[in-house]
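A short write-up of the structure that comes next.
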Amino acid sequence: MIEILNPAQLPRAREAGALVGTILHTLRDRVTVGTNLLDVDRWTKAMILEAGGTSCYVDYAPSFGSGPFGHYICTSVNDAVLHGLPHDYRLADGDLLTLDLAVSLGGKVADSAITFVVGEARSPEDLAMIDATERALQAGIAAARPGARIGDLSHAIGTVLSEAGYLINVEFGGHGVGSTMHQDPHITNTGRPGRGYKLRPGLLLALEPWVMADTAELVTDPDGWTLRSATGCRTAHSEHTIAITEDGAEILTAPTVP
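In our numbering, the protein residues as written are 555 to 812.
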């Protein structure tokens, strides 16, 4: 299903996006060396419920997972890159942490992810990898406008990632959002320009470049959810939900902070 929002629905999507962005910003400020991933999950639950939102993850049970997910946020550490299941682990100095959050508020969903170093950054390669996903995300957003094709976004994202030296996995990527978390169209993190679905105002897309330092192959943890690099290398992931407007693209998941 591809859902197109009308102008009256867009404010609700903005509210959902602002909530997701603000929760991630708050968590990034709160997480320190020694923070337990289960505490991150509890903090997220409290903020979602306080805002009147609903988690998109607790009851999430897709064919590729071992569902239901049962938690409020994905917490992926170091070699884990996607769908990290929160568990009893205290973050160590230098850990790479990815937080991926999707929330429904007012009947509309927003989805976003950030990767950051806990404590002191010890490796310039980690920072370069995060930077590459953030630059790829911005390139994908810049390519998003009415009349553009999904392949234009994929190509923009993939060009940045490839030029930075990363292999690209195409199993998991961006996607449409709306009243539900995962909708068509699928947006791979590399592709050919001029191909695929034509963008229209009112379309919501979650763009999410992610990479692993030296591989494109994933393995799944025994928990049935957490996806890791096959080589044990470190990883990074950046994501925003955007709305296609008459003039281009509007980022919905930027944090709203004082």
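We put the beta carbon where it would ideally sit given N, CA and C, even for glycine.
Alpha carbon of residue i to alpha carbon of residue j, nearest angstrom
i    : j    : result
E557 : G732 : 6 Å
D595 : W779 : 16 Å
A634 : D649 : 11 Å
R699 : R644 : 42 Å
A697 : R703 : 9 Å
G571 : G728 : 16 Å
L581 : G624 : 19 Å
D801 : C628 : 33 Å
A675 : L681 : 8 Å
P739 : T785 : 30 Å
T734 : P678 : 37 Å
S630 : D775 : 12 Å
D512 : V773 : Beyond the ends of the chain as shown, which are 555 and 812, falls residue 512; an answer cannot be given.
N590 : G607 : 23 Å
P565 : A808 : 14 Å
L806 : V663 : 10 Å
D642 : W597 : 15 Å
C787 : G712 : 20 Å
Y611 : D654 : 10 Å
R584 : V724 : 33 Å
Y751 : M555 : 12 Å
T576 : A567 : 14 Å
Helix, strand or coil at residue i [DSSP, three-state]
i    : result
G705 : helix
Q692 : helix
A797 : strand
H579 : helix
V574 : helix
R596 : helix
P565 : helix
T734 : coil
D777 : coil
L715 : helix
I684 : helix
L639 : coil
M555 : coil
E804 : strand
R584 : helix
P678 : helix
I668 : strand
A770 : coil
A760 : strand
A697 : helix
L655 : strand
A710 : helix
Cβ pair residue i, residue j closer than 9 Å
i    : j    : result
L715 : T742 : no
A656 : S620 : no
P640 : L592 : yes
L659 : E569 : yes
Q737 : G730 : yes
Rounded distance between the beta-carbons of residue j and residue i, thought under 8 Å
i    : j    : result
G701 : N560 : That belief does not hold up - the Cβ atoms of G701 and N560 are roughly 19 Å apart, past 8 Å.
V587 : D665 : Rounded, the Cβ-Cβ distance is 28 Å, inconsistent with contact.
I722 : A770 : 6 Å
L781 : L636 : 4 Å
G661 : T652 : Not quite, the Cβ-Cβ distance comes to about 27 Å (not below 8 Å), so this is no contact.
Three or more beta-carbon pairs under 8 Å between the stretch 788-796 and the stretch 760-778, yes or no? yes
Check whether the stretch 690-697 touches the stretch 597-615, taking contact to mean three or more Cβ pairs, one atom from each stretch, closer than 8 Å.
-> no
Taking contact to mean 3 or more Cβ pairs, one atom from each stretch, closer than 8 Å, check whether the stretch 702-710 and the stretch 670-680 are in contact. no
With contact counted as at least three CB pairs below 8 Å, one residue from each stretch, are the stretch 793-805 and the stretch 750-760 in contact? yes
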